[in-house]
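Scroll down for the structure; my scribbles are underneath it.
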Amino acid sequence: MTYCKISLNPVGTRSKYPDYRNNEFAALFGSLRANPTMNLTRAAFKRESIRYTTGLSISGVQQKLSVAINDHYQLEPVTTGGHYILKPSPEEFPHAAENEHVAMRTGVLLGIPTASCGLVSFADGELAYITRRFDRLGDGQKLHQEDLVQGFAMPSDNKYSCSYEEAGALILDMTNGRKAVVLDYLQRIIHAYLIGNDDMHLKNTSLQRSAGNTTPYYDLLTPNYDCLFAGTFENRDAGDFLALDLLADGFTDAFEEYGYYTGHDFLALAQRLGIPEKPVQTFIATIAEKMPQLTATVDRSYMPVDMKCAANALITDRLRALQIGL
Ligand SMILES: Nc1ncnc2c1ncn2[C@@H]1O[C@H](COP(=O)(O)OP(=O)(O)OP(=O)(O)O)[C@@H](O)[C@H]1O
Ligand SMILES: [Mg+2]
Numbered sequence: 136m137t138y139c140k141i142s143l144n145p146v147g148t149r150s151k152y153p154d155y156r157n158n159e160f161a162a163l164f165g166s167l168r169a170n171p172t173m174n175l176t177r178a179a180f181k182r183e184s185i186r187y188t189t190g191l192s193i194s195g196v197q198q199k200l201s202v203a204i205n206d207h208y209q210l211e212p213v214t215t216g217g218h219y220i221l222k223p224s225p226e227e228f229p230h231a232a233e234n235e236h237v238a239m240r241t242g243v244l245l246g247i248p249t250a251s252c253g254l255v256s257f258a259d260g261e262l263a264y265i266t267r268r269f270d271r272l273g274d275g276q277k278l279h280q281e282d283l284v285q286g287f288a289m290p291s292d293n294k295y296s297c298s299y300e301e302a303g304a305l306i307l308d309m310t311n312g313r314k315a316v317v318l319d320y321l322q323r324i325i326h327a328y329l330i331g332n333d334d335m336h337l338k339n340t341s342l343q344r345s346a347g348n349t350t351p352y353y354d355l356l357t358p359n360y361d362c363l364f365a366g367t368f369e370n371r372d373a374g375d376f377l378a379l380d381l382l383a384d385g386f387t388d389a390f391e392e393y394g395y396y397t398g399h400d401f402l403a404l405a406q407r408l409g410i411p412e413k414p415v416q417t418f419i420a421t422i423a424e425k426m427p428q429l430t431a432t433v434d435r436s437y438m439p440v441d442m443k444c445a446a447n448a449l450i451t452d453r454l455r456a457l458q459i460g461l
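Note that this note's numbering has the sequence shown beginning at 136, numbered continuously upward.
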């Protein structure tokens with residue numbers, strides 16, 4: 136059985152490409168005509184990315200390119216007007232692209248608004264992660280968005296400089312008190328903990344103003360982006376549990392007792408931010424209910440077997456931790 140490099144659902148025999156479902160391919164690329172195999176080899180990408188990243192508005196640490204579908208339906212690097220961002224696996228972290236793709240799919244399964252994404256191939260067969268830009272409207276217009284470092288009016292280097300509690304309070308300010316947006320943020324933090332994504336810093340969350348909103352306030356978070364099962368790379372040090380501390384002023388008694396975050400900590404964070412316990416408990420219950428689908432999705436992913444095993448062991452363990460204290 137082949138699984139779709141977009142949804143990870145089984146691909147039927149009538150599909151145009153053997154490893155993509157037609158409807159999901161058309162939704163991501165606009166039609167079935169785009170070619171999911173690039174002309175570029177991985178090595179050529181490395182050379183091109185130096186040329187194309189000058190003037191690229193998407194910052195970030197990892198090498199990436201702005202990409203458009205050209206008149207020959209090929210994915211092609213561009214300096215302006217790209218509707219996609221292409222992220223290959225960094226040389227030092229093989230299969231990071233496959234890992235990011237399935238990490239994003241686990242968010243989708245849990246109902247988290249998530250950037251459209253999939254895997255495409257370099258000319259030499261290596262897979263790369265591709266995501267459709269959510270800040271571009273069809274007519275080329277840009278939606279206004281700001282990440283949390285910009286929200287704090289801090290330099291980019293400060294992306295680890297506060298807690299999720301402070302970041303949540305900022306979201307409340309930036310949205311003029313929309314608790315639903317803070318709850319969305321809280322769910323994304325819980326998801327990061329579940330999958331061992333230890334790099335959900337202030338630049339990995341952004342707020343967006345819907346078209347037509349002329350107020351200074353933001354309406355919602357952008358779709359989720361930059362998720363990773365970070366703990367599954369053999370050569371990557373086990374970092375902290377999360378990129379930021381949960382609370383502004385130290386750790387809960389439960390953390391001191393267990394030595395890792397449990398449900399207690401996420402309920403404490405919710406309470407600080409004025410979010411009721413119930414939706415947080417419901418979200419964790421949803422994770423428990425969906426655990427069979429989550430592990431099946433990991434199994435269907437394009438990660439190597441040892442990475443799949445590590446990912447499934449991790450989410451099973453983190454769910455157990457999240458269920459403590461509910
Ligand atoms: N689908 C998307 N649409 C629009 N903008 C996006 C999308 N995905 C990512 N971005 C923007 O591009 C930036 C870089 O992307 P991303 O965070 O995935 O890269 P990174 O290099 O892994 O970042 P980091 O610095 O966190 O390691 C993000 O901070 C975000 O502002
Ligand atoms: Mg990032």
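Backbone N, C-alpha and C define an ideal beta-carbon position, used for all residues, glycine too.
Spatial distance of residue i from residue j (CA atoms)
{"i": "Lys294", "j": "Phe160", "result": "34 Å"}
{"i": "Tyr155", "j": "Thr451", "result": "29 Å"}
{"i": "Leu382", "j": "Ala405", "result": "10 Å"}
{"i": "Arg313", "j": "Phe418", "result": "19 Å"}
{"i": "Arg407", "j": "Leu221", "result": "38 Å"}
{"i": "Pro145", "j": "Pro427", "result": "16 Å"}
{"i": "Glu226", "j": "Val255", "result": "17 Å"}
{"i": "Leu283", "j": "Pro290", "result": "11 Å"}
Neighbourhood of residue i by C-beta distance below 7 Å, restricted to the same chain and skipping five residues each side
{"i": "Arg177", "result": "Pro223, Phe257, Asp259 and Glu261"}
{"i": "Ala456", "result": "Tyr395, Tyr396 and Thr397"}
{"i": "Ile247", "result": "Gln322, Arg323, His326 and Asn359"}
{"i": "Glu412", "result": "Leu402 and Ala405"}
Spatial neighbours of residue i in its chain, beta-carbon cut-off 6 Å, leaving aside the 5 residues before and after
{"i": "Ile459", "result": "Thr397 and Gly398"}
{"i": "Leu191", "result": "Because the pLDDT at Leu191 is just 49, under 50, the model does not fix this residue reliably, and the value given afterwards should be weighed accordingly. Hits under 6 Å: Ser201."}
{"i": "Leu449", "result": "Gly331 and Gly366"}
{"i": "Pro414", "result": "Leu318"}
{"i": "Gly409", "result": "none"}
{"i": "Glu183", "result": "Pro212"}
Contact belief for residue i with residue j at Cβ below 8 Å, rounded distance in angstroms
{"i": "Asp270", "j": "Gln280", "result": "5 Å"}
{"i": "Asn359", "j": "Gly242", "result": "5 Å"}
{"i": "Asp400", "j": "Thr387", "result": "5 Å"}
{"i": "Leu272", "j": "Ala346", "result": "7 Å"}
Residue j beta carbon less than 9 Å from that of residue i
{"i": "Asp361", "j": "Asp334", "result": "yes"}
{"i": "Asn170", "j": "Leu210", "result": "yes"}
{"i": "Glu369", "j": "Asp441", "result": "yes"}
{"i": "Arg453", "j": "Leu377", "result": "no"}
{"i": "Gly253", "j": "Lys140", "result": "yes"}
{"i": "Ala423", "j": "Ala403", "result": "no"}
{"i": "Arg268", "j": "Tyr299", "result": "no"}
{"i": "Ala231", "j": "Tyr264", "result": "yes"}
Residue i - partner residues in DSSP beta bridges
{"i": "Gln209", "result": "Asn170"}
{"i": "Lys181", "result": "The partner list for Lys181 (beta bridge, DSSP) is empty, contrary to what the question assumes."}
{"i": "Val237", "result": "None, per the DSSP bridge assignment."}
{"i": "Leu355", "result": "Gln343"}
Contact set for residue i: own chain, Cβ-Cβ below 8 Å, skip 5 residues either direction
{"i": "Gly275", "result": "Gly216"}
Closer than 9 Å to chain C by CB, residue i
{"i": "Thr397", "result": "Although the question refers to chain C, the structure presented lacks it and comprises just one protein chain."}
Ligand 3 heavy atom lying under 8 Å from the CB of residue i
{"i": "Tyr295", "result": "Annotation note on ligand 3: not contained in the displayed structure, which lists ligand 1 and ligand 2 as its ligands."}
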